[in-house]
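Chains as they are written, first to last, in numbering that gives the first Met the number 0: chain E, 0 to 315; chain X, 0 to 655.
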Amino acid sequence: MVTLWAAITANFLIPRLMPGNPALAMMSRYRGHINPQALHALEIAFGVKAHQSLVNEYFGYLGNVVRGRFGISLTFFPDPVMHDVLQALPWTLALVGVTTVLAFVLGTLIGLVGAWRRGGMLDSVMPPIFVITSAFPYFWIAGIAIWLFSLKLGWLPESGGYDVVDTPAWSWHFAHDAFVHSILPAMTILLTAIGGWILTMRNNTVSVLTEDYVRMARAKGLSPWRVMWTYAGRNAILPNLTGFAMSLGFVVAGAILVEYVFNYPGVGWMFLQSVESQDYALMQALFLLITVAVLTAILAADVATVILDPRTRDER
Amino acid sequence: MSASSVGATDQLATPPAGPAPMVADARQGRWGDLWRAIRRNRKAVAGLLLLLVFVVFSIFPGQIAPYSPTAEIFPRAVGPSWHHLLGTTAYGQDIFSQLVWGTRLSLVIALAVGGIATALAVLVGVSAGYLGGASDGFLSLVTDVLLVLPIFPLIIVIAAYEKNAGLLTLIVVLGVLGWSYGARQLRSQTLSLRRRDFLESARVRGERKSYVILYEILPTMTSLIVATFLGAAIYAVLTAAGLQFIGLGDPNSMSWGTMLYWAQNNEALFSGMALWAIAPGVCVALLGAAFALLNYAFDEISSPALRVRKLDRARLPKRLPAPPTHPAPDPEAEGGPVLRVEQLTVAYATDGGPVVAVDDVDFELARGEFLAIVGESGCGKSTLLYAIARLLGAPLPGEIVGGRVVFKGKDLVLLEERELRRVRWRDLSVVMQSAMNALNPVLTVAEQMRDACRAHSNMSKAEIEARSREVLRLVSIDPVHLHSYPHQLSGGMRQRAMIAMALLFTPDLVIMDEPTSALDVVAQRSLMVQIKELQEQLGFAVIFVTHDMSLVSHFSDRLLVMYAGQVAELSQTRELFDRPLHPYSQGLLSAFPSIHGPKVRLLGIPGAPPDLAHPPAGCRFAPRCPKAEPRCTAAEVPLYSVNGSAVRCVLAEDGR
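Below you can see the structure in the form of structure tokens.
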């Protein structure tokens, strides 16, 4: 709870410490287009008053946050911020959220199997390769992938969330279109994100394999499958849960570069827009979204840990 | 541990050395070892070489780059040639020269951010962990808040509004925001160190807190600190490149990210200047990879389990015992031995070549017999045990390099893993030293019994439940504990539960590795009595490994004394206690008091066991033996047979 409050406060303060006043930004944007009365009305609508003290503004902000009011977006004027965020969020969740989960699941499986077959092909080739791929700059991989697969080979569309001629609708045609557009960004995210999971899971498993209970499981003559899953894997995954939760929470933040490179209509792209146009209301809402997402994910990880690790149940 | 343990003799023997020179030695040794380990690790060498190339680039760009990076003086957008190794940009600049000059900025960002973040992480993490209390609460809160703050979006915001501040702002922001993850890890590591003896002793000596942190805590966390630094450096390189790429850096700065920005703006990939876009990306990736490789290598060096060593059989120090010539004897013959170990030899792969830990061991075990194996730690007794059970592998990564283990007529050494599984637990089960570690912490006792039953029988769920309750009752545990998790049981109960598990199928042989050493003396006794009763009642044979001779004196039929990987003496327990033949056995017996006998001065065995990588010539005990003679070191000493006992000592030759 304290963390949440501190994060909300930081969200409030940081944009305000930056040079540039949203009201001024607004005025410069609309100067000459609308008359002063309208401008004044806008000021009220945005809840941004140049003469208000920081403390008053802060409490007003807190109240609005609690009531889920984030004001009106400058970038997508006159949409309320909530409306815009809710429109962009599904795209990000479907693309970056799904691939983050996929990277974790696949990486964990590969890491487990690799460690299980110590010294095998998978284990001797895999770690150095993934050490290197996990250090690749994401946007660069994405650029190369676009160049190769959509421009040279023409297999996949190069950018966007769906075809420009389409309009979003719940139809098979649109779903297929959106899916095809998501393949390239998804693959590039997977390629850069999976390495970390493979490596940590491999290292966890290797150290779990030296535990007596794994040797005991072998002594019991259990099938290798059972030893690998319920004895080695089940214990090796525990330290990774919090890390996974953090990565889930940072889906929105991680989406920024992906959506920039692919012009994908998600919240990351929206965030860059808001920064460019000094749209504090939108920026704040997005920051808050990220913070809440991270905190929720960590909470979920704690719950999962309690379910998977009986030792933590009795400590409480 | 009581005075009756063999291990105590080590302390009796060596006078305590002053702490100061020991610490200095250890520190010097540690750096030397570290350097050697780095040189031997291919990933570390690759990472260091890559880094070195970039460092050279960044220090002498003027000498290496053929042209000025900014001069727009060449033909535009030409492909690679001898004049322009990587071609030119759309503005007529030499790409290779730009790359070389761009190294400096990336490297400076990486090292500076790594430095700042690591310094802050160490400061906050270690202080929080070491000071505890309110300071810990506050520092942890700050760390947690920073941890959930979205750093990358924040940096974007800051970079967007602070265009004029540039490099310094970027470094400070990345450094100041990027330390929280490392701090969290360092804190928990410090917390776990706090209770260790060496810190307690420093506290008792009255050392200042700053001294303790600097000289006692930090050196033990070197690998974690290095990992924090390298992690922050990788993050900084990638983030800085990302920011510059989306145009949030200074567009006139000379960096790889900026090159990518211009390349993207000019659609370099699609207009024949592919190298303009590819080369800087490769450089970012290589610099990141250099740090990542170093990070990975450090991980490997600090936890040796992550490395795979191959046993070099060609370098085994001596000829292997010739394979047994006579055929595997008397299959399933009633009355024959249940286990016959013949010339069993086990070797470990180490960095310095193979080490033979179990050397040519022979013994037989009759049905229902109780054999105890005693010896100092490191004598190879556990290795022998797990070699017999075919359970070598991490954390005892030895390999059987010779000999046989004939169990009920089958040579276990030759069995395939699948056939071996059929023998396991039904006919041969294992009880380990610490049930806390040997029971799977995330499964209940019932689940762990069930999977053993499922693996070896077609018992129904109800039958399994009934059998599990039955074996628990055998070891006097109330069956209500069946559905408990291991951590919910007391130490003694866990140990009993493990024994109960070993008896699920009433095997012919139960192998026990110091099953009582985790218990207090009273619990030890009662467990021993119970094991003996069960053994007599159910008729299984036992191999019982311990370093505590007195523990088994009333329970074992025969005793096998091991020294430096070899059998030193093997005889009836009473016989060995009354008339020990080997000077080592005599030394062991004089190391603990007898409750009934007259008061005698306790004598330890001076010296320490030999290094098995370089065993002494001749008798391995000779250097510590009070009765050593010149002939002891002249040749290998064979096992002599004296009145039904076997002993490896030249003195026995005289007595024959």
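For glycine and all other residues, C-beta sits at the position ideal for the given N, C-alpha and C.
Which residue from the options puts its Cα closest to that of residue i?
| i | options | result |
| --- | --- | --- |
| V80 of chain E | E:Q272, E:H180, E:A292 | E:Q272 |
| S105 of chain X | X:P609, X:L169, X:A371 | X:L169 |
| V147 of chain X | E:F178, E:N202, E:I289 | E:I289 |
| E375 of chain X | X:V649, X:E628, X:G586, X:L364 | X:G586 |
| L285 of chain X | E:F135, E:A174, E:G106, E:A141 | E:F135 |
| G287 of chain X | X:L110, X:V649, X:N436 | X:L110 |
| S516 of chain X | X:Q534, X:G490, X:T505 | X:G490 |
| R366 of chain X | X:G408, X:V354, X:P353, X:Y385 | X:G408 |
| V104 of chain E | E:H172, E:W90, E:I297, E:L198 | E:L198 |
| L130 of chain X | X:V52, X:F543, X:V211, X:F59 | X:V211 |
| R578 of chain X | X:V412, X:K460, X:A36, X:V646 | X:V646 |
| M258 of chain X | X:R339, X:L364, X:Q92 | X:Q92 |
| S433 of chain X | X:F539, X:L508, X:Q523, X:L481 | X:Q523 |
Please check if any C-beta of chain X sits within less than 8 Å of the C-beta of residue i.
| i | result |
| --- | --- |
| A49 of chain E | Legend: pLDDT at A49 of chain E = 49, less than 50; position of this residue unreliable, no value from coordinates given. |
| E258 of chain E | no |
| P136 of chain E | yes |
| M120 of chain E | no |
| G265 of chain E | no |
| V305 of chain E | no |
| L221 of chain E | yes |
| G106 of chain E | no |
| G142 of chain E | yes |
| M125 of chain E | no |
| M200 of chain E | no |
| N203 of chain E | no |
| I236 of chain E | no |
Contact defined as beta carbons within less than 8 Å: I believe residue i pairs with residue j. What is the distance between those atoms, to the nearest angstrom?
| i | j | result |
| --- | --- | --- |
| A451 of chain X | M497 of chain X | That belief does not hold up - the Cβ atoms of A451 of chain X and M497 of chain X are roughly 11 Å apart, past 8 Å. |
| R310 of chain E | H486 of chain X | 5 Å |
| F290 of chain X | L229 of chain X | 5 Å |
| L185 of chain X | V121 of chain X | 6 Å |
| T241 of chain E | G110 of chain E | About 17 Å separates the two Cβ atoms, so there is no contact after all. |
| V112 of chain X | F56 of chain X | Incorrect: roughly 19 Å between the Cβ atoms, too far for contact. |
| A244 of chain E | A296 of chain E | 4 Å |
| F138 of chain E | L256 of chain E | 5 Å |
Of all Cβ atoms in chain E, is any one closer than 8 Å to the Cβ of residue i?
| i | result |
| --- | --- |
| A109 of chain X | no |
| T13 of chain X | In this prediction, T13 of chain X scores a pLDDT of 33, lower than 50, which makes its location untrustworthy; the coordinate-derived value is nonetheless stated afterwards. Chain E contact via Cβ: absent. |
| L338 of chain X | no |
| L237 of chain X | yes |
| D450 of chain X | yes |
| A284 of chain X | yes |
| G377 of chain X | no |
| V412 of chain X | no |
| N642 of chain X | no |
| M258 of chain X | no |
| R647 of chain X | no |
Under the three-state reduction of DSSP, which class applies to residue i: helix, strand or coil?
| i | result |
| --- | --- |
| F45 of chain E | Note that F45 of chain E scores a pLDDT of 49, beneath 50, so its modelled location is shaky and nothing firm can be said. |
| G392 of chain X | strand |
| Q92 of chain X | coil |
| A522 of chain X | helix |
| R207 of chain X | coil |
| L155 of chain E | coil |
| D298 of chain X | helix |
| V104 of chain E | helix |
| L558 of chain X | strand |
| S658 of chain X | Past the edges of chain X, shown from 0 to 655, lies residue 658 of chain X, and the structure says nothing about it. |
| K42 of chain X | helix |
| Q277 of chain E | coil |
| D361 of chain X | strand |
So that I know if they touch, is there some Cβ in chain B lying closer than 8 Å to that of residue i?
| i | result |
| --- | --- |
| W139 of chain E | Note that chain B does not occur in the displayed structure, where the protein chains are E and X. |
Can you tell me whether residue i is buried or exposed? The criterion is at least 16 other CB atoms within 10 Å of its CB, across all chains shown.
| i | result |
| --- | --- |
| V191 of chain E | Contrary to the premise, residue 191 of chain E reads as Thr rather than Val in this sequence. T191 of chain E is buried by the Cβ-count criterion. |
| P218 of chain X | exposed |
| G643 of chain X | exposed |
| G538 of chain X | exposed |
| F59 of chain X | exposed |
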